[in-house]
Amino acid sequence: MKMIRTLPIALAAIMATLPVPLHAFSQHQVVLGLPPPPGKPSYLPVANSTRSFWFTDPDVVPGPNEGSEGPLTDDADICIIGSGITGVSAAYHLAHALVGNEEVVSGIGRPVKAVILEAREFCSGATGRNGGHITAHQFAHFRQIEKERGVDEALRTLAIEFYTVDELTRILAENGKEDYVDLTRGGRLMLMFSEEELAEEKADYEAAKKAGAQMGDVQWLSKEEVWKTYGAPYPGVLIPGNNLWPLKAVSVLFQLANKTSSRFSVDLHTQTPVTSVTSIPHANANSDIPFLRRHVVNTPRGSVSCSYVLHATNGYAAHLLPHLAGPDGIVPTRGQVMTVRAAVKIDELSTVGGTGNEGFEYWFPRPTKSEAGETPLVVVGGGREVAKGFEIYEVDDSVVNEDVGKALRDFLPIVFPEKYDRDTDPEMEWTGIMGYTQSGDPFVGPVVDSKQISAESNEFDGQFVSAGYTGHGMPRAFACAQVVADMIMADIQRKPFQIPEWFPKSYLTRELPLTQ
């Protein structure tokens, strides 16, 4: 009780020493809207990237360099660029769409063939370098979205995240993979470091609740309650949340994509960066010929002829789609993550993951399993707000930012003063490139260059994109990949595409003629 009585004094002292600035989101948005600095950065992934914790298990299938040697698949119906959560989920959805679908297969007399091309190792982009969270935003930014786009669209922005989390966790459970991916359903604690942030979150919560949003179990906690249960002297809100091993989750989807349907197969080639996509001039997108080859995807190892291309490249999208470069497109942004040991055992720490400071910082304790009795390893990320320019337009994930690293080292020991030791060095530290958009919405749908819409022939016919998740891809990418997979299937069969009731229309790259 003594600690609780002295809490106001402790709170003032701790807040004065927070290693990150508060209320940085508005300034972040200003910087995000600026043009790129002089000298266009390379949007291809760099070599020798920092090593993520998620790559420490050598037994993940497929292996990190699957398909990097030997002959390159030179012909495929569908070419997917990127082997993260989006690209592999798209393959999974295509496989499921072909279960029992005689029409497509009978039209070409063989199974549908896809190929995934990855510039580096399997799932080595943002998915394989993130913080391991898969949690739906319960009400974040609801009032702003409702004001700008209406209540239906605001509800859809929440619904897609609930759908994604429910579907992914269901798939993992039904296939007996929850333990394999270390799925933890401990919840998420959102800490509020200021009264202003607390008021904003409560207002969004009330607006979403009034609009009829699916809220789940939401518990608002006073700073005394948070201190007593979790050891942080701040108010907060506990929402449903999950954590997992993201690379392993994607590996499960890849294996399922290859065994779900005899009507579908997918090859994987890692260490195969795509340097360009060339349209075949004579290919007529309106032809009735099934899977007419419309594009050639070029790599240093050779070329792949294909009918459809899916750009699942997130922060690297502008490399192949230069019209998506700059503040009106998808802006590469470097994130930083590390693993540190807590100073207490898991029963004193809890399995609840957390976020703070408008979501800039995030963390979760890894399940101990065979390490029972040891202090848990905690994954913590964020700190971009201490860096010049918020790490926006930084595309080099072979290095870490020392200022960001220092902020992350200090963060947990300051926020949870009795749970972490400030003298403990991180066990691993890495960076990864995210894809940010000013609106926070990804680009999902047919590739569209406004300069070519009126042209008689569009070089992007048959090309699709799903990218730009603004650091929040795990609860959205799986569902966005489902939408683009459905678009491809609708185009193949010359049938109308219908927008799912949970999908935000604002994510679409354009109003689709086939949309209902």
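Residues -24 to -1, 1 to 492 in mature numbering (1 follows the signal peptide of the UniProt record, and there is no 0) are what the sequence shown lists, from first letter to last. Each residue gets a CB set at the ideal place from its N, CA and C atoms; glycine is no exception.
The stretch 217 to 227 / the stretch 69 to 77 touching (three or more Cβ pairs under 8 Å): no
Span of the beta strand (DSSP E), counted from its first residue to its last, around G411: Position 435 of the sequence shown, counted from the first residue, corresponds to residue 411. Residues 404 to 412.
Touch test, the stretch 375 to 392 against the stretch -8 to -1, Cβ-Cβ under 8 Å, three pairs minimum: yes
Start-to-end residues for the beta strand (DSSP E) that takes in M314: As a working note, residue 314 is residue 338 in the sequence shown. Looking at the DSSP string, the run of the beta strand (DSSP E) that includes M314 is 307 to 317.
Run of the beta strand (DSSP E) containing K364, from where it starts to where it stops: By one-based count along the sequence shown, residue 364 stands at place 388. Counting along the chain, K364 falls outside any beta strand (DSSP E), and DSSP gives it neither H nor E.
Nonlocal neighbours in the same chain, by C-beta distance under 8 Å from K185, ignoring five residues either side: Within the sequence shown, residue 185 is the residue found at index 209, counting from 1. Hits under 8 Å: F115, M191.
Inside the stretch 68 to 104 only - alpha helix (DSSP H) runs reaching at least 4 residues: 78 to 84
Rounded distance between the beta-carbons of G162 and T327, thought under 8 Å: Position 351 of the sequence shown, counting from 1, holds the residue named residue 327. Position 186 of the sequence shown, counting from 1, holds the residue named residue 162. Their Cβ separation, rounded to whole angstroms, is 4 Å, which keeps T327 and G162 in contact under 8 Å.
Cβ-Cβ distance between E367 and T309 below 8 Å: The sequence position of residue 367 within the sequence shown is 391, counting from 1. The sequence position of residue 309 within the sequence shown is 333, counting from 1. Yes, the pair counts as a contact, with Cβ atoms nearer than the cut-off.
Option nearest I464 by Cα separation, candidates A90, R125, V375: Along the sequence shown, one-based indexing puts residue 464 at 488. The shortest C-alpha separation from I464 is found at A90.
For L148, three-class secondary structure by DSSP: The sequence position of residue 148 within the sequence shown is 172, counting from 1. Helix.
Beta-bridge partners of residue 521, as assigned by DSSP: Given a span of -24 to 492 for the chain in the structure shown, any question on residue 521 remains unanswerable.
Expected contact under 8 Å - CB spacing of V141 and I110 to nearest Å: Along the sequence shown, one-based indexing puts residue 141 at 165. Along the sequence shown, one-based indexing puts residue 110 at 134. Sure, about 6 Å apart at Cβ, within 8 Å.
Residues that S255 bridges to, as DSSP identifies them: Counting from 1 along the sequence shown, the entry for residue 255 is found at position 279. In DSSP, S255 forms a bridge with H271.
C-beta contact flag for residue 506 and C99 at 8 Å: The chain is shown only over -24 to 492; residue 506 falls outside these bounds and no answer can be derived.
Rounded straight-line distance, which links the Cα of K395 to that of A443: The residue given as residue 443 occupies position 467 in the sequence shown. The residue given as residue 395 occupies position 419 in the sequence shown. Going from the Cα of A443 to the Cα of K395 covers about 37 Å.
I409 vs Y338 beta-carbon contact at 8 Å: For this step, residue 409 is matched to residue 433 along the sequence shown. For this step, residue 338 is matched to residue 362 along the sequence shown. It is not a contact, given that the beta carbons lie outside the stated cut-off.
Buried or exposed (CB count within 10 angstroms, at least 16 for buried), A179: Residue 179 sits at position 203 when you count from the first residue of the sequence shown. It is exposed - the Cβ of A179 has fewer than 16 other Cβ atoms within 10 Å.
Beta-carbon proximity list for T407, same chain, < 6 Å, skipping 5 on both sides: Position 431 of the sequence shown holds residue 407. Result list for T407: T26, R310, Q312, D373, V376, in chain order.
Beta strand (DSSP E) segments (min. 3 residues) lying fully within the stretch 160 to 220: 164 to 167, 195 to 197, 212 to 215
Bridge partners - I56, DSSP secondary structure assignment: For this step, residue 56 is matched to residue 80 along the sequence shown. Answer by DSSP bridge pairing, in chain order: I92, L286.
Pair within 8 Å by beta-carbon distance, I215 and M166: The residue labelled residue 215 in the question sits at position 239 within the sequence shown. The residue labelled residue 166 in the question sits at position 190 within the sequence shown. Taking 8 Å as the Cβ cut-off, I215 and M166 qualify as a contacting pair.
Residue environment, H245, which counts as buried when at least 16 other CB atoms sit within 10 Å: Translated into the one-based positions of the sequence shown, residue 245 becomes position 269. Classification for H245: buried.
Contact under 8 Å by Cβ, P11 with P303: Sequence index remark: in the sequence shown, residue 11 carries index 35 (1-based). Sequence index remark: in the sequence shown, residue 303 carries index 327 (1-based). In this structure, P303 lies closer than 8 Å to P11 by Cβ.
Q439 (DSSP reduced to helix, strand or coil): Sequence index remark: in the sequence shown, residue 439 carries index 463 (1-based). Here Q439 sits in strand by DSSP.
Integer-rounded CB distance, given that M168 should sit under 8 Å from residue 493: Here the chain covers residues -24 to 492 and nothing more, so residue 493 does not appear.
Simplified DSSP assignment, three categories, for L229: To locate residue 229, count along the sequence shown from 1; it is residue 253. It is helical.
Per-residue DSSP class, three states only, for E129: Along the sequence shown, one-based indexing puts residue 129 at 153. DSSP places E129 in helix when its eight states are reduced to three.
Contact belief for T248 with T275 at Cβ below 8 Å, rounded distance in angstroms: Position 272 of the sequence shown, counting from 1, holds the residue named residue 248. Position 299 of the sequence shown, counting from 1, holds the residue named residue 275. Confirmed, about 5 Å.
DSSP-derived helix/strand/coil call for E124: As a position in the sequence shown, residue 124 is number 148, starting the count at 1. DSSP places E124 in helix when its eight states are reduced to three.
Contact belief for Y483 with P418 at Cβ below 8 Å, rounded distance in angstroms: Taking the sequence shown and counting its residues from 1, one reaches residue 483 at position 507. Taking the sequence shown and counting its residues from 1, one reaches residue 418 at position 442. With a Cβ gap of about 6 Å, Y483 and P418 count as contacting.
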